[in-house]
Structures are given as C-alpha cells and as structure tokens.
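Notes to accompany the following structure.
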Amino acid sequence: MAFDWFKRKAKNITTSTDEKKDVPKGLWHQTPSGKVVEHDELKRNNYVSPEDGFHVRIGSAEFFDILFDGGKFTELDANVESIDILNFKDTKPYKDRLKEVKAKTKLTDSIRNAVGTVKGTEMVVSCMDFAFIGGSLGSVMGEKIRRAVDYCIANKLPYMIICQSGGARMQEATYSLMQLAKVQAKLAQLSEAGLLYIAYLCDPTFGGITASFAMTADIIMAEPGALIGFAGPRVIRETIGRDLPEGFQTSEFLQEKGFVDFIVKRTEIQDTVAKTVNLLAVNA
C-alpha cells in the first residue's frame, strides 16, 4: 500500500509522549533571541549567553561569587529582615507576601551586604535581589545601605551597589520613600570621607532607585542591554503623546546621553571594578 511507511512496524511500544518530553528542568536556558544554552555552560560564562551575549538575570549569590576572589566573602547585617509595620494589605496581606517570598528565595530582604576582596582589594558590596518583591526599596534596604556605608567609613573601604529594582516598595508607603533621603545622606558622608562609590546598573533599574542613589555614584557602570529609567516606556509615551527613540532606556542609549560612564560585561566586571578602585580609591 502506498502509505505503509506511516504505520508503526514495532509493536508493544508503551512509552507515552509525555514521558519522552519529560526533560529535567534547569538544564537549558533560552535567551530572548531564541538561543538555547546549557545551564552549566551559562554558569561558566558568568550567566552570559556565549551565543548572543545576553545577560541572564541573576541574584546576589551569583554576583558575589563572580565579583569576590574565589567567591569568598563575609555577609554583613544578615539578620536584618523586612516586617509588616503598617499591616498593609493589597491583593493579599503584606505579612503573607513576605512569608511566601522569604520561604521561596531564602532571603530576608531585597538586598544583601558583603565584604571581601576583589582582585586583592578589600571593599564592601551591596547587591539587590530582584527575586525578592522585584528588588524593591523598603525600610530594610535603606537601613542595610546605611550600615554598609558606616562600615566603609569605619574601615576606609570603597563601596559598590549592584542595582536591579523596580523601585520603591508600595507596601511600605512613606517608610519606603524616606529611604531615598536616608541613603543619599549616608552616601554624602561617604563622599566627605573621601571614599569611592561605584554603582553597577543591571536589568531592570527603575523608579526611585534610578531617581536617587543609582545615578549619584562617582562611577556609574551598567550591564549591556539593561533597561534603566524612572517610569516605563508606555507611561512616558502616553504622557508626552509621542513615540520614543529606538533603544530608549537601554544602558547603551543612556551612555550615549552621558548618564552612564561605562558599559561593562558581566564577564569583565571583576577586572573593571578592581582597576577602577585601584585607580580612584585613594584610601583603599
């Protein structure tokens, strides 16, 4: 018969289609351009796709491993954690939201402080975790940055903040907004002490973070292709009633306009930070 090749020759094959497709999760990562990269290869390349250079979003654990020598560091203020001080409720109580995200991420808030050496030079790094309520700025983030700055001043160390955030945490209302002034005041003290402050802007960096301390660093670095801004492009477009330039709010666009000093690939961040600190940090 003409269509015999469509018939299954071997009998008693019992493996279901679902079983055949049951590949363990986490082995592969697909970038926005459609490139598929093995997870182990991605990790070896500091979570940057070797196929298209896409920077996969990572958290503080991965950043500390990349930045500090041998991945070794001492965490500071690890016991400071978010609480529901306003008994806030939106679609669910804030205390429940905190409980869930703490259990899921194993983090106490959206930022971690660490001290260690970068190419032999000791420094303090605060890194945001976007997985914790979008890396949002709350009272704990402001307090942790304050403590990190005080540690830098006491020990005459340079400071770096790795930013990745959607902005202020609405569940903490005014307490959240107060942190903008609090952080800026502490960073002014860091500057008065003659100590270097570096900001590394990752995807995404938005809202009050961008409007304050992300853009007041001595040196502002950014990851390639990171989206950085205050409001989102849709809000801006509707407000001004006109189309936005191509690539608007990307790190490359901001560098062209003078808002960012350097575009630094994650694979080069340790060397770049070390060279910058050794060149500019007089008291390091």
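Add 20 to the 1-based position in the sequence shown for the numbering used here, that's all there is to it.
Where is the CB? At the ideal position from N, CA and C, for every residue including glycine.
Nearest in C-alpha terms to residue 222, of all of 75, 290, 117, is 75.
Listed as beta-bridge partners of residue 282 by DSSP are 241. A distance below 7 Å between beta-carbons, with the five flanking residues on each side excluded, links residue 78 to the following residues of its chain, in chain order: 67. Residues of the same chain with a CB within less than 8 Å of the CB of residue 281, apart from the 5 flanking positions on each side, are 239, 240, 241, 275 in chain order.
Between residue 178 and residue 216, the gap from beta carbon to beta carbon is short of 8 Å. The continuous beta strand (DSSP E) containing residue 144 extends over residues 141–148. By the Cβ-count criterion, residue 299 is exposed, with fewer than 16 other Cβ atoms from all chains shown falling within 10 Å of its own Cβ. Close CB contacts of residue 117 within its chain, under the 8 Å cut and outside five residues either way in sequence, are with 153, 191 (chain order).
If you compare the alpha carbons of 84, 166, 155 with that of residue 189, the shortest gap goes to 155. Beta-bridge analysis with DSSP links residue 109 to 113. From the listed residues 160, 132, 172, the smallest Cα separation to residue 142 is found for 172. Around the Cβ of residue 132, a 10 Å sphere holds 16 or more other Cβ atoms; the residue is buried. Beta-bridge pairing by DSSP links residue 248 to 225. Around the Cβ of residue 286, a 10 Å sphere holds 16 or more other Cβ atoms; the residue is buried.
Shown here for residue 168: same chain residues with a beta carbon closer than 7 Å to its own, the five before and five after excluded, namely 96, 133, 144, 146, 179 in chain order. By the CB criterion at 8 Å, residue 224 and residue 199 fall outside the cutoff. The alpha-carbon separation between residue 48 and residue 175 amounts to approximately 43 Å. Under the DSSP assignment, residue 94 falls in the beta strand (DSSP E) whose first and last residues are 94–96. The DSSP assignment places complete beta strand (DSSP E) segments of no fewer than 3 residues inside the segment 173–205 at 179–185, in order along the chain.
Here DSSP, grouped into helix, strand and coil, assigns residue 101 to coil. The residue among 181, 249, 122 with its C-alpha nearest the C-alpha of residue 231 is 249.
Residue 62 carries a helical assignment under DSSP once its states are collapsed to helix, strand and coil. Boundaries of the beta strand (DSSP E) harbouring residue 50: 48–50, taken from the DSSP string. Shortest Cα-Cα distance from residue 92 to any of 98, 82, 279 involves 82.
The beta-carbon separation of residue 187 and residue 229, rounded to 6 Å, stays under the 8 Å limit for a contact. Under the 10 Å beta carbon count, residue 270 is surrounded by 16 or more other beta carbons and is classified as buried.
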